[in-house]
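For the sequence shown, the residue numbers in the numbering used here are 2 to 95.
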Amino acid sequence: MFTLNESLDISNVVDCKVQYQEWLQQATPLVIDATHVSRVDAAGIQLLVSFVESARLAERDIRLENISEALQEGIDVLGLERWFMESQDATRKT
């Protein structure tokens, strides 16, 4: 399981991108724990969308778990709740 930092915003997008690229190199399914996310902005969510899309295109299983209230609010404000649900469903292998 991979854990997101408390801040998913423009101040750490570059650092997060490097971390996400490392996670994509792992052979295990990607389970992302978002429990600790307390600050989020559009840039952070855009990076998360890019990460999920990269995993999907690489045919990797990815699941976002324990979505914090702050992250859920950001996803909702940007109108991406359906996209996140569909993306996670599309990457799960049956």
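Backbone N, C-alpha and C fix where the C-beta goes; we use that ideal spot for every residue, glycine too.
Specify, as a first and last residue, the run of the beta strand (DSSP E) that residue i falls within.
i, result
"Arg57", "Run containing Arg57: none in the beta strand (DSSP E); it sits in the alpha helix (DSSP H), 43-58."
"Leu65", "63-66"
Going by alpha carbons, who is nearest to residue i out of the options?
i, options, result
"Glu66", "Val19, Ala44, Val53", "Val53"
"Asp62", "Glu82, Asp77, Ala28", "Ala28"
"Thr36", "Leu81, Glu70, Met86, Trp24", "Glu70"
Among all the DSSP beta bridges, which residues are the ones paired with residue i?
i, result
"Gln4", "Note on residue identity: the sequence assigns Thr, not Gln, to residue 4. Paired residue(s): Asp34."
What residues in its chain sit with their C-beta under 6 Å from that of residue i, if we drop five residues either side in the sequence?
i, result
"Leu9", "Val38, Val41, Gly45"
"Val14", "Ala44, Leu48"
"Asn72", "In the sequence under discussion, the amino acid at residue 72 is Leu, which differs from the Asn named in the question. Within the same chain, Leu72 has close Cβ partners Ala35, Val38, Val41."
Considering residue i, what are the terminal residues of the alpha helix (DSSP H) in which it resides?
i, result
"Ala71", "70-78"
"Asp16", "14-25"
Keeping to the same chain, check which residues put their C-beta closer than 8 Å to that of residue i; ignore five residues upstream and five downstream.
i, result
"Ala59", "Leu25"
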